[in-house]
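For reference, each letter of the sequence shown is one residue, going 1 to 387 in full-length UniProt numbering. All residues carry an ideal CB built from backbone N, CA and C; glycine is no exception. Encoded as structure tokens, the structure appears first; notes follow it.
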Amino acid sequence: MAITDAPLVRAQRRSAAATGVRSRLSGSPWRHLDISLIVVLGLLSVVSVVMVLAATHGPRTTTNDTFFMVRQAMFVVIGFGVMFGVAMIDYRRWREWWVGVYALGMLSLVFVMLFGISAKGTQRGFAIAGFQLQPSEFMKIAAVIVLAALFADRAPDLRGTLTGLGVVAPPVVLILLQPDLGTALVFGAITLGVLLVAGVPARVMLGLLLAASLATGVVLTSDVLAEYQKARLTNFVNPDALDRDARYNTEQSQIAIASGGLTGQGLLKGGQTSNGYVPEQQTDFIFTAIGEELGFVGAASVLALYGFLLWRILRAAQLSRDAFGTLLCVGVFCMILFQLFENIGMSLGIMPVTGIPLPFMSYGGSSMLVAFILAGFVLNVHMRRFS
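Structure representation (structure tokens):
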């Protein structure tokens with residue numbers, strides 16, 4: 001009896017051990033926090049604060065040399081707090097709240113069109129307590145949640161794809177009316193990426209790409225954008241055909257990056273950066289400060305950090321226990337990848353100048369908070385891969 005029962009006893013013990021392992025794995029989600037993702041975000045944030053100081057100090061500044069650096073450090077601290085706050089709430093709850101999130105985002109875009117402040121030819125933000133809040137940035141969060149929720153349970157056939165586009169189109173139209181083509185393109189990248197991973201048929205994807213190209217051409221030839229905005233968006237195609245004013249941003253950014261050489265001119269020692277030759281350097285062209293003062297080695301190191309960040313986001317998407325978590329991470333991945341490519345590309349002169357911020361790097365409260373909130377979703381999915 002003892003001999004014949006031995007295999008059963010061993011099987012029961014193995015089952016009990018496996019149950020214990022599953023129980024331990026499904027314990028507190030914080031036990032499965034992606035520490036490496038937090039570390040890389042911390043490193044990027046440190047570089048951001050330092051480079052904002054580099055881009056805003058010097059004889060041309062109208063404030064003290066640490067004003068923007070201190071504010072950027074504050075945005076980073078708040079961002080980390082918000083990220084952990086988002087990670088505390090089970091990400092699957094957001095699937096239930098997507099209608100409210102979307103409605104709130106649309107309402108904010110309508111309000112900014114009616115009551116927002118105008119700056120540099122656009123009307124995209126509210127002035128609140130000395131800070132500018134940009135609803136179009138926060139609408140990216142809604143777009144990621146909505147698309148993930150719509151396609152979590154079904155592959156996007158033609159009807160489903162049109163439904164998704166019908167939800168994304170209204171905020172894109174309102175953003176184009178600000179006008180802000182760059183941010184509208186980010187929504188396009190998020191949408192196409194989520195649809196592709198969700199399994200959109202190839203013929204539908206081809207039709208979407210053709211329609212997107214056609215829509216971009218219509219916008220560039222219409223009166224939606226001002227002439228100077230059209231010039232900035234098309235200067236990378238034939239820069240020699242433009243006047244000097246239209247080429248100025250790109251030329252100065254290229255000079256700054258080229259002057260950095262292999263190891264850079266040294267922190268706070270870049271001539272282009274210190275003398276303010278690159279417009280909007282702490283926001284749109286922050287990468288030029290990195291290239292000039294830290295050189296090829298520093299710029300390559302920053303790109304390596306971004307590469308690691310993107311890998312951890314994809315890893316969270318792969319480990320997700322449900323389609324909603326996977327698509328949530330995919331939306332975040334597409335947003336960061338597109339903004340990374342576009343921002344650095346426009347600094348190098350190979351992409352149009354659109355004013356898209358470099359995630360976790362460019363100066364600005366709205367863009368920094370949105371990036372950290374989306375990072376919170378990724379942490380959330382990774383933490384709950386066993387629950």
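Own chain residues within Cβ distance below 7 Å of residue i, not counting five before or after
i, result
"Ala127", "Ile117"
"Ala142", "Val101, Tyr102, Gly105"
"Ala211", "none"
"Thr163", "Leu150"
Spatial distance of residue i from residue j (CA atoms)
i, j, result
"Met205", "Thr161", "9 Å"
"Val110", "Ala258", "42 Å"
"Gly85", "Arg247", "43 Å"
"Ser367", "His382", "23 Å"
"Arg92", "Ala215", "34 Å"
"Leu174", "Thr263", "44 Å"
"Pro201", "Val194", "13 Å"
"Arg384", "Ala119", "42 Å"
"Arg99", "Ile145", "Sequence check: residue 99 is Val here, not Arg. If I take the Cα positions, the gap works out to 10 Å."
"Thr354", "Met346", "8 Å"
"His32", "Arg315", "13 Å"
"Asn380", "Ile78", "18 Å"
"Gly42", "Gln72", "13 Å"
"Leu158", "Gln134", "33 Å"
"Val21", "Asp34", "Residue confidence for Val21 is low, a pLDDT of 46 falling below 50, so the modelled location carries little weight; the figure read from the coordinates is stated next. One C-alpha to the other measures close to 20 Å."
"residue 430", "Phe386", "For residue 430 there is no data in the structure shown, the boundaries of the chain being 1 and 387."
"Leu147", "Gly207", "19 Å"
"Trp311", "Ile290", "22 Å"
"Ser222", "Gln282", "31 Å"
"Val70", "Phe80", "16 Å"
Cut-off 8 Å between Cβ atoms - residues of its own chain near residue i, not counting five sequence neighbours on either side
i, result
"Gly261", "Gly295, Phe296"
"Phe131", "Gly365"
"Val46", "none"
"Arg154", "Gly160"
"Ala189", "Cys334, Met335, Leu337, Phe338"
"Val82", "Leu369, Phe372, Ile373, Gly376"
"Phe341", "Met351"
"Gln272", "Gln252, Ile255, Ala256, Ser259, Val278, Thr288, Glu292"
"Phe115", "Phe126"
"Met113", "Gln123, Leu174, Leu177, Gln178"
Nearest neighbour of residue i, chosen from the options [CA to CA]
i, options, result
"Thr250", "Gly307, Val278, Leu305", "Val278"
"Ile313", "Phe377, Gly81, Leu268", "Phe377"
"Ser136", "Thr183, Ala119, Cys334", "Thr183"
"Ala299", "Val99, Asp65, Val39, Ser48", "Ser48"
"Leu309", "Glu293, Ile290, Val332", "Val332"
"Pro29", "Leu43, Val353, Ala87", "Ala87"
"Ser213", "Lys140, Trp98, Leu192", "Leu192"
"Thr66", "Gly291, Thr56, Gln252", "Thr56"
"Glu292", "Gly355, Leu348, Lys140", "Leu348"
"Ile356", "Phe187, Phe75, Arg71", "Phe187"
"Gly199", "Ala169, Ala152, Asp180", "Ala152"
"Val39", "Asn343, Glu342, Tyr306", "Tyr306"
"Phe68", "Ala317, Ile350, Glu280, Leu379", "Glu280"
"Leu358", "Leu303, Phe386, Leu319", "Leu303"
"Pro179", "Gly164, Gly207, Thr122, Ser36", "Thr122"
"Pro170", "Pro156, Met139, Val197, Leu196", "Met139"
"Asn343", "Ser301, Leu185, Val172", "Leu185"
Own chain residues within Cβ distance below 6 Å of residue i, not counting five before or after
i, result
"Arg95", "Ala149, Phe324"
"Phe75", "Gly365, Met368"
"Leu44", "Leu305, Phe360"
"Val197", "Val330"
"Ala317", "Thr326, Cys329, Val330"
"Leu37", "Arg312"
"Leu319", "Arg385"
7 Å Cβ cutoff, residue i in contact with chain B
i, result
"Met383", "This model lacks chain B altogether, as it is built from one protein chain only."
Unbroken stretches of the beta strand (DSSP E), 3 residues or longer, contained in the stretch 74-157: Within the stretch 74-157, the complete beta strand (DSSP E) runs of at least 3 residues are 117-119, 122-128, 131-133.
Given 8 Å, three or more beta-carbon pairs between the stretch 357-373 and the stretch 316-328: Result no; under three Cβ-Cβ pairs closer than 8 Å.
Meets three-Cβ-pair contact criterion under 8 Å: the stretch 264-272 and the stretch 326-336: Judged by Cβ distances under 8 Å, the stretch 264-272 makes no contact with the stretch 326-336, as fewer than three pairs qualify.
Continuous alpha helix (DSSP H) assignments of at least 4 residues falling wholly in the stretch 340-375: Annotation: the stretch 340-375 contains no complete segment of the alpha helix (DSSP H) (minimum length 4 residues).
Contact between the stretch 37-53 and the stretch 281-296 (3+ Cβ pairs under 8 Å): Contact between the stretch 37-53 and the stretch 281-296 is present: 3 or more CB-CB pairs across the two stretches fall below 8 Å.
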